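So the sequence shown is numbered by this note's numbering: it starts at 16 and just counts up by one. C-beta: ideal position from N, C-alpha, C; glycine also. None of the values given here were measured: they were computed from a predicted structure.
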Amino acid sequence: MARNLWIGKPGLLREIDQAAKSWDRSAELNVTEFKSLEGRVTTIAPPRTVRRLKFSWDWLEPGDAQHLTRLARRVNGPGLQGSPAPSYGPLAVIDPASVNLLGPYQAAAQSSEPGGTDHWFTVSGSLGVLPYTGDTVIGDFGENTRVGWKHGLWAGWPVAPGMRVSWQVPPDWNPALATAQLDWKRADGTYLSTTAATGAAVTGTAPAEAVFVTPVGGPGEAVLAGLAGACLTIDAVPVAYALGDGCPAMTVTAYSDVPAARLPYRNISIDLVEV
Numbered sequence: 016m017a018r019n020l021w022i023g024k025p026g027l028l029r030e031i032d033q034a035a036k037s038w039d040r041s042a043e044l045n046v047t048e049f050k051s052l053e054g055r056v057t058t059i060a061p062p063r064t065v066r067r068l069k070f071s072w073d074w075l076e077p078g079d080a081q082h083l084t085r086l087a088r089r090v091n092g093p094g095l096q097g098s099p100a101p102s103y104g105p106l107a108v109i110d111p112a113s114v115n116l117l118g119p120y121q122a123a124a125q126s127s128e129p130g131g132t133d134h135w136f137t138v139s140g141s142l143g144v145l146p147y148t149g150d151t152v153i154g155d156f157g158e159n160t161r162v163g164w165k166h167g168l169w170a171g172w173p174v175a176p177g178m179r180v181s182w183q184v185p186p187d188w189n190p191a192l193a194t195a196q197l198d199w200k201r202a203d204g205t206y207l208s209t210t211a212a213t214g215a216a217v218t219g220t221a222p223a224e225a226v227f228v229t230p231v232g233g234p235g236e237a238v239l240a241g242l243a244g245a246c247l248t249i250d251a252v253p254v255a256y257a258l259g260d261g262c263p264a265m266t267v268t269a270y271s272d273v274p275a276a277r278l279p280y281r282n283i284s285i286d287l288v289e290v
């Protein structure tokens, strides 16, 4: 799992290394329950769930407290010039408990779009995303195909220079032939550099100027192969078939800032919701 919380706009991520006093990461299920006169229960639930995060700290360091205050009050601070996200834009939150930063349906290879265009794109070669086998889609790969995993909003997954990122391709690919790579990108989404390895997994350090990373892989052969089970993680060893927690865009819905008994420390709480 990621060692610490990272939070901020892409290009302006800050690591909060102080452990939170309280921390709630429950998903919002939005299940509505109806009970008939006969006692029979019927439920209605949306097909997707929304993530909520709640953190609170006692005696938070002034620099970290100011960063969270800027996010809550939508005030830009010092950092990367020309960041693509304005002060009122969505935030990136890398949850310390997240084992897999791929989206939950993406990690499980459950696609709602024809051809899997919501989760994957072809970097080179040819890829056909075939209908469900069981409850997951599979890929029809050409010999030289490489495919990238899409973030739902940004040009990739938000990173900060120096961050250690690990990536594991779907585990049913042949590790003797497969390639795993991390494509680093600038704030405007343009390509910066690549960290690649032959095999099932690769680990790289985000270079200077890196704001996003796109995980890419290829099975190295013409084959029908699964797309489920890949894992993208920070400061940890990837776990095959780990539940995708995602790295969704979020916004602050509630915030409190109470001066601690010993200034300049602050008692801070912040609530966020996936948007």
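- Own chain residues within Cβ distance below 6 Å of ALA264, not counting five before or after: PRO105, LEU168, VAL290
- Within 10 angstroms of its Cβ, does ARG89 collect 16 or more other Cβ (buried), or is it exposed? By the neighbour-count criterion, in which a residue is buried when 16 or more other Cβ atoms sit within 10 angstroms of its Cβ, ARG89 is exposed.
- Could you pull the start and end residues of the alpha helix (DSSP H) that THR84 belongs to? Taken as a continuous stretch (DSSP letters only), the alpha helix (DSSP H) holding THR84 covers 77-88.
- Item | Buried versus exposed, by CB contacts within 10 Å (16 or more), ASN115 | buried
- Query: Sorted by chain position, which residues of the same chain lie with C-beta nearer than 6 Å to LEU247's C-beta, five sequence neighbours on each side aside?
  - Reply: LEU116, LEU117, TRP182, PRO230
- Query: Nearest CA to the CA of GLY261: which residue from GLN121, ALA35, ASP32, ARG55?
  - Reply: GLN121
- Take every Cβ of the region 223-242, pair it with every Cβ of the region 188-195, and state whether three or more of those distances are shorter than 8 Å. yes
- Would you tell me roughly how many angstroms separate the C-alpha atoms of GLU30 and PRO186, rounded to the nearest one? 31 Å
- Task: Look at the Cβ atom of VAL273, then the Cβ atom of ASN282, and state whether they are nearer than 8 Å.
- Result: yes
- Which of the three DSSP states, helix, strand or coil, is assigned to GLY130? helix
- By how many angstroms is the C-alpha of ALA35 removed from the C-alpha of ARG67? 16 Å
- To the nearest angstrom, report how far apart LEU258 and LEU145 are at their CA atoms. Going by C-alpha positions, LEU258 is about 22 Å away from LEU145.
- Message: Can you list, in chain order, the residues of its chain with a C-beta nearer than 7 Å to that of THR14? Leave out the 5 residues immediately preceding and following it.
- Response: Past the edges of the chain, shown from 16 to 290, lies residue 14, and the structure says nothing about it.
- Counting Cβ pairs, one atom from each stretch, are 3 or more of them under 8 Å apart for the region 155-170 and the region 129-142? yes
- Query: Once you ignore the five residues that flank ALA80 on each side, which residues in its own chain have a CB closer than 6 Å to its CB?
  - Reply: ARG281, ILE283
- Item | Cα-Cα separation between GLU43 and TYR270, rounded to whole angstroms | Rounded to the nearest angstrom, the gap between the Cα atoms of GLU43 and TYR270 is 19 Å.
- Reduced DSSP secondary structure (H/G/I, E/B, other) of ALA122: helix
- Query: In chain order, what residues of the same chain lie with their CB nearer than 8 Å to the CB of LEU28, ignoring the 5 residues before and after it?
  - Reply: TRP21, ILE22, ALA107, ILE109, PRO173, VAL174, ALA175
- Message: Going by C-alpha to C-alpha distance, which of ALA243, ASP250, VAL228, SER208 sits closest to VAL184?
- Response: When only C-alpha atoms are compared, the closest one is ALA243.
- With a 10 Å radius around its C-beta and 16 neighbouring C-beta atoms as the bar for buried, classify ALA276 as buried or exposed. The residue is exposed, with fewer than 16 neighbouring Cβ atoms inside 10 Å.
- DSSP on VAL138, reduced to helix/strand/coil? strand
- With distances taken between CB atoms, is the gap from THR84 to GLN125 smaller than 8 Å? no
- Anyone know if the C-beta pair for ALA221 and TRP188 falls short of 8 Å? no
- Item | Length of the line joining the Cα atoms of GLU158 and ALA240 | 12 Å
- Item | Separation of VAL228 from GLN96, as counted between CA atoms | Caution applies to GLN96, whose pLDDT of 42 falls short of 50 and renders its modelled position unreliable; the value that the coordinates give is listed next. About 19 Å.
- Buried versus exposed, by CB contacts within 10 Å (16 or more), VAL226: buried
- THR268 and ASP250: beta carbons closer than 8 Å? no
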